[in-house]
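S.K.: Protein chains in written order, with this note's numbering: chain A, 231 to 519; chain B, 182 to 476.
Supplied in C-alpha cells, the structure appears directly below.
What follows is the structure, given as C-alpha cells:
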C-alpha cells in the first residue's frame, strides 16, 4: 500500500504534513516514509535526524575507446539528452552533466567494446532510523546534476525493498514526470495547498495530475486563514477531491518546524488537526490496527 | 544584464521578491521578466496578468509507445527501462506516459521492429504578454507529467533575448523554479548574477546551500535576500553561512501579513501595501540592487 503527499506549489507544507502524518499513522501501520523531493530533501531536518546509511546512485555513463570507435556518430544521434557531441570527423565527446545514464548509446554502438560502461555518480539515497518508530528513506540529487529521475527511481526502490505495510512518499514541488514517478502506484494523494491564488493555481495542477493517474486525492489547506478557502473547495470539488483539513497559520507549527520537533507529538491544539488527517486516511485505506 | 533569482526550497518568496523588485525597478530600467518555473508558474498572478498576447505550443517531449498488436511479450523493454516506466496491464506491456523520460532504450532493445516507437508529444506552452507595468513577461507552463522542463526554460530565455534586441531592453530578471535540477540549471546558466532568497530555517538553509553550489559551478557572483527574517529568532546559521561564503546580504524582509494579502489582490506587495514593514525593507533592497548590481 502506498500514499503520497504532494501539492504543486513549493513551500505549502508538504513535508510538515508528511512527517506529522507518518508519526500519527505509525499507530496504525508498519510504515516507511520516503522523501522523494530529491532536489531539496528536508524531511530529515523536520524529524531532527541526520541522514545515515548513504548509498551512491551511480548510472551508466559511456566511456569511448577511440581505438575501436569508427566515428559513425550513431551514439550522438540516439542520445535524446544531446549529451554526446561529435567533432567534424565524428569523434564523440560526452558532456557528463547532460547524460542521464540511460545507456541508449551503448545499445546502438555497432562496434563491440567501443563504448565501455563507465559510471557516473548522480546522487545518493539514505536509510535513516527515526525516533518515531518508522524509518526514513531519502533521495538526494548531487548539486550540478540535471536529471532527478534516476534518484527518485532508486530512492523509491530502496523504500519499497523494505516491504513495509505502508509506503508514504513526500514529493517535490511541481507536476513534472519526476513528481508523477514519485506518485506512481499510490492509492491516495494528499494535496497540501494554501488558499492564495498561487497555491490554488498549482494545487489545481496536482489534482489534474492525480486525475490523469486515476488516483483519488484529498486536499489539506495549510495557512487556511491567509486566503480564500471557498475557492480551494470549488477546485477540489471539480476534481472530486475532499478537503479534509484546514490548518490555520500557526506560530507553534513554525516553532516545531524549525526545532525539528514534530507538532503532532505536542499538546498544542494544532496536534489534533494532524491526528484528524490521519484518521481520515485510515478510514480511507482501511486495515491497520 | 541577466539576473536570476533562486532559492532551492520552494515557497520561501522567490516570486514575491521578484514581482516587487520588478515593480521598484521598472521606471528606471527597461526590463523583461521571465518566469522560469514551468512546473508551477506564478509570476503572472503576482503581476496581475489577465491575458497572453502570444502563446506557442512546444512540441519536443518524447514518449515511447508500444504497439500491443505486434508485441511478443518478451519483457525485454521492461527489464531494460532505466527508470521502471513499463508496466504490465492486463497482459499488455504499457509505457507510463506520465513518467517516461523519452530515452528510447525500450525501442532500441525491442526485438520486433516497429513495435516500440518514440513519439513527439506536447510538452507545454511558452507565452508572452505585456504587464500592466509596461514591461514584458515571458512565462511557460509544462503540461503535467512531462519531462525536460529545462528545455522550456531555454526556449523562454531565447524568446526574451530576442525581445530585448527588438525592444532595446537592458535587463532580464529570471524567477527560477524550486530545486536544483534542470530547470534551475537552465535558469542560472547564462545569468550574470544570482540572487538567492532564503528564510531563517534549517530546511531553507540546507536547500539554499545546495542552490549556491550550482551557482558556484557557473562562477556567478551571488547575493542573498533573507525573507521572513524575524520568523525564527535565534537562528543565526543562515547569516553566518552567508558571511563565511562572502555572499553579501542585500537585505532582510520581515514576516508581514501584507505579503499573503497582496497575493490575493494579485499585486506586488510594495504596490499593494507601500506603507508595510516589508515594503520598507524591499525598497532598501531595490536600492542596493541599483547601486551594487545594475549600477
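C-beta: ideal position from N, C-alpha, C; glycine also.
These figures come from a predicted structure and were not determined experimentally.
Where does residue 357 of chain B fall in DSSP's three states?
M.R.: strand
S.K.: Over the uninterrupted beta strand (DSSP E) stretch that includes residue 242 of chain B, give me the two end residues.
M.R.: For residue 242 of chain B, the enclosing beta strand (DSSP E) covers residues 235 to 247.
S.K.: Let me know the beta strand (DSSP E) ranges lying completely inside the stretch 354 to 438 of chain A, each 3 residues or longer, listed in chain order.
M.R.: 365 to 371, 396 to 400 and 418 to 423
S.K.: Does the structure place the stretch 376 to 394 of chain B close enough to the stretch 423 to 437 of chain B that three or more beta carbon pairs sit under 8 Å?
M.R.: The answer is yes - the stretch 376 to 394 of chain B touches the stretch 423 to 437 of chain B, with three or more Cβ pairs under 8 Å.
S.K.: Does chain A have any CB closer than 7 Å to the CB of residue 457 of chain B?
M.R.: Among the residues facing chain A, residue 457 of chain B is not included, as its CB has no counterpart in that chain under 7 Å away.
S.K.: How about residue 273 of chain A: is its C-beta nearer than 7 Å to some C-beta of chain B?
M.R.: no
S.K.: Here's the rule I'm using: 16 or more other beta-carbon atoms within 10 Å means buried, otherwise exposed. How should residue 263 of chain B be labelled?
M.R.: buried
S.K.: Give me the DSSP bridge partner(s) of residue 236 of chain A.
M.R.: A/421
S.K.: Looking at chain B, is there any beta carbon in it that lies within less than 7 Å of the beta carbon of residue 384 of chain A?
M.R.: no
S.K.: Return the residues of the stretch 383 to 401 of chain B that lie within a Cβ-Cβ distance of less than 7 Å from chain A, sorted by chain order.
M.R.: 383, 384, 387, 388, 391, 394, 395 and 398
S.K.: To which residues of the same chain is residue 296 of chain B closer than 7 Å at the C-beta, ignoring the five residues directly before and after it?
M.R.: 247, 248, 251 and 252
S.K.: At least one CB of chain A closer than 7 Å to the CB of residue 221 of chain B: is that the case?
M.R.: yes
S.K.: Measuring straight from C-alpha to C-alpha, what distance separates residue 382 of chain B and residue 281 of chain A?
M.R.: 18 Å
S.K.: In whole angstroms, what is the alpha-carbon distance linking residue 455 of chain B and residue 291 of chain A?
M.R.: 54 Å
S.K.: Tell me whether residue 297 of chain A is buried or exposed, calling it buried when 16 or more other Cβ atoms sit within 10 Å of its Cβ.
M.R.: exposed
S.K.: Would you verify that the beta carbon of residue 405 of chain A is, or is not, closer than 7 Å to some beta carbon of chain B?
M.R.: yes
S.K.: Determine the direct distance from the alpha carbon of residue 308 of chain A to that of residue 325 of chain A, and round the result to whole angstroms.
M.R.: 15 Å
S.K.: So residue 401 of chain B and residue 377 of chain B are in contact, right, with Cβ under 8 Å, and what is the actual spacing, rounded?
M.R.: Not quite, the Cβ-Cβ distance comes to about 10 Å (not below 8 Å), so this is no contact.
S.K.: Assign residue 357 of chain A to buried or exposed, taking buried as 16 or more other Cβ atoms, counted over all protein chains shown, within 10 Å of its Cβ.
M.R.: Around the beta carbon of residue 357 of chain A, 16 or more other beta carbons lie within 10 angstroms, which makes this residue buried.
S.K.: Taking DSSP as the reference, what is the three-state secondary structure of residue 372 of chain B?
M.R.: Coil, per DSSP.
S.K.: Taking the alpha-carbon positions, what's the residue 345 of chain B to residue 319 of chain A distance?
M.R.: 37 Å
S.K.: Residues of chain A with a CB under 8 Å from the CB of residue 463 of chain B: which are they?
M.R.: Per Cβ cutoff of 8 Å: no residues; residue 463 of chain B is ~18 Å from chain A at best.
S.K.: As a quick exercise: from A/478, A/440 and A/477, pick the residue whose alpha carbon is nearest that of residue 466 of chain A.
M.R.: A/440
S.K.: Can the beta-carbon of residue 405 of chain A be found closer than 7 Å to that of residue 381 of chain A?
M.R.: no
S.K.: Please tell me whether residue 378 of chain A has its Cβ less than 7 Å away from any Cβ of chain B.
M.R.: Closer than 7 Å to some Cβ of chain B, the Cβ of residue 378 of chain A qualifies, so yes.
S.K.: Buried or exposed: which applies to residue 343 of chain B, given that a residue is buried once 16 or more other Cβ atoms fall within 10 Å of its Cβ?
M.R.: exposed
S.K.: Just grab the DSSP bridge partners of residue 185 of chain B for me.
M.R.: B/355 and B/375
S.K.: What does residue 360 of chain B reach in chain A if we use C-beta pairs closer than 9 Å?
M.R.: Result: 240, 267, 268, 269, 270, 371, 378, 402, 403 and 404.
S.K.: Mind checking residue 351 of chain A: buried by the 16 CB within 10 Å criterion, or exposed?
M.R.: exposed
S.K.: Measure from the C-beta of residue 334 of chain A to each C-beta in chain B and report whether the shortest distance is under 7 Å.
M.R.: yes
S.K.: Can you give the Cα-Cα distance for residue 190 of chain B and residue 425 of chain A, rounded to whole angstroms?
M.R.: 19 Å
S.K.: Quick one: which unbroken alpha helix (DSSP H) runs of 4-plus residues sit fully inside the stretch 255 to 321 of chain A? Chain order, please.
M.R.: 273 to 277 and 304 to 308
S.K.: Please list the residues of the stretch 255 to 276 of chain B that have a C-beta atom closer than 7 Å to any C-beta atom in chain A, keeping them in chain order.
M.R.: Of all residues in the stretch 255 to 276 of chain B, those with a C-beta nearer than 7 Å to a C-beta of chain A are 263, 264 and 265, reading in chain order.
S.K.: Could you tell me the distance, in whole angstroms, from the CA atom of residue 313 of chain B to the CA atom of residue 231 of chain B?
M.R.: One alpha carbon belongs to residue 313 of chain B, the other to residue 231 of chain B, and they sit about 10 Å apart.
S.K.: Sort B/359, B/226 and B/461 by Cα distance to residue 443 of chain B and report the nearest one.
M.R.: The residue from B/359, B/226 and B/461 with its alpha-carbon nearest to that of residue 443 of chain B is B/226.
S.K.: Taking the straight line between their C-alpha atoms, what separation do you get for residue 244 of chain B and residue 255 of chain B?
M.R.: 20 Å
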